[in-house]
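**Student:** I'd like to ask you about the structure that follows.
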Amino acid sequence: MAVQGVQGPHVLPQSLLLRPGDRIMLVDDSNEDWWKGKIGDRVGFFPANFVQRVRPGENVWRCCQPFSGNKEQGYMSLKENQICVGVARSKDADGFLRVSSGKKRGLVPADALTEI
C-alpha cells in the first residue's frame, strides 16, 4: 500500500508512479531500498520506504480528519489523507484503533479514519 506518492519530472522511465492509497502487487523486494511492483498492467521500481506491507486480516485506512496524539501515552498523530494500516477488530472500548503508518505506530480515534 502506497503511503507516499512517486511522481514528477525527476521520475525515471522504469519507475512505478504511486499515489497514496495505491495497492501494489510486490514483484521483487531483494533490494532493501528499491522494490519492484505492479499496479494493474504497470510495472516498475519505487522506494521501499514509500509503501507499507498489508498483511491478511489488516485493513487500510485514510485519515479523514487530523489527529494530534500524545506519543508517550501510546497515541499517534495523523495528518488529513494520511494512509495507515490496522485491524478493525482491535478497536478498544474508548473508540480507538491501533494502526501503523510507515515506522509510526499508535492509537487513533476510529472516527478519524475511513476504510479504503
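Going by full-length UniProt numbering, 21 is the number at position 21 of the sequence shown; the sequence numbering is gapless. Beta carbons are placed, not taken as given, at the ideal position from N, Cα and C, and that holds for glycine.
(1) In the DSSP assignment, what residue or residues form a beta bridge with valine 87?
(2) Straight-line CA distance for arginine 42 to arginine 23?
(3) In the DSSP assignment, find the beta strand (DSSP E) that holds proline 109 and state where it starts and stops.
(4) Taking 8 Å as the threshold (C-beta atoms), are glycine 95 and aspartate 111 in contact?
(5) Could you pull the start and end residues of the beta strand (DSSP E) that asparagine 59 belongs to?
(6) Whole beta strand (DSSP E) runs in the segment 11-70 with 3 or more residues, listed along the chain?
(7) Kindly indicate the opening and closing residues of the beta strand (DSSP E) around leucine 97.
(8) Less than 8 Å separating the beta-carbons of serine 100 and cysteine 84?
(9) Between which residues of its own chain and proline 109 is the CB-CB distance below 7 Å, once the five residues before and five after are set aside?
(10) When you compare the CB positions of glutamate 115 and valine 60, do they come within less than 8 Å of one another, or not?
(11) Using a threshold of 8 Å, state whether the C-beta atoms of methionine 25 and lysine 36 are closer than that.
(12) What are the boundary residues of the beta strand (DSSP E) that includes glutamate 115?
**Tutor:** On the basis of the data shown:
(1) Here residue 87 refers to the residue found at position 87 of the sequence shown. For valine 87, DSSP records no beta bridge to any residue.
(2) Counting from 1 along the sequence shown, the entry for residue 42 is found at position 42. Counting from 1 along the sequence shown, the entry for residue 23 is found at position 23. Distance between the alpha carbons of arginine 42 and arginine 23: 12 Å.
(3) In the sequence shown, counting from the first residue as 1, residue 109 sits at position 109. First-last of the beta strand (DSSP E) with proline 109: 104-109.
(4) In the sequence shown, counting from the first residue as 1, residue 111 sits at position 111. In the sequence shown, counting from the first residue as 1, residue 95 sits at position 95. Taking 8 Å as the Cβ cut-off, aspartate 111 and glycine 95 qualify as a contacting pair.
(5) For this step, residue 59 is matched to residue 59 along the sequence shown. For asparagine 59, the uninterrupted beta strand (DSSP E) segment begins and ends at 59-63.
(6) Every unbroken stretch of the beta strand (DSSP E) spanning 3 or more residues and falling wholly within the segment 11-70 is given here in chain order: 25-28, 34-39, 42-47 and 59-63.
(7) Residue numbering aside, residue 97 sits at position 97 when the sequence shown is read from its first letter. Residues 96-101.
(8) Numbered from its first residue, the sequence shown carries residue 100 at position 100. Numbered from its first residue, the sequence shown carries residue 84 at position 84. Yes.
(9) In the sequence shown, residue 109 corresponds to position 109, counting from 1. Around proline 109: Phe67, Gly95 and Phe96.
(10) In the sequence shown, counting from the first residue as 1, residue 115 sits at position 115. In the sequence shown, counting from the first residue as 1, residue 60 sits at position 60. The answer is yes: Cβ separation under 8 Å.
(11) On the sequence shown, position 25 is the one that residue 25 refers to. On the sequence shown, position 36 is the one that residue 36 refers to. No, Cβ-Cβ distance for methionine 25 and lysine 36 is not below 8 Å.
(12) Within the sequence shown, the letter at position 115 stands for residue 115. Going by DSSP, glutamate 115 is part of the beta strand (DSSP E) stretching over 113-115.
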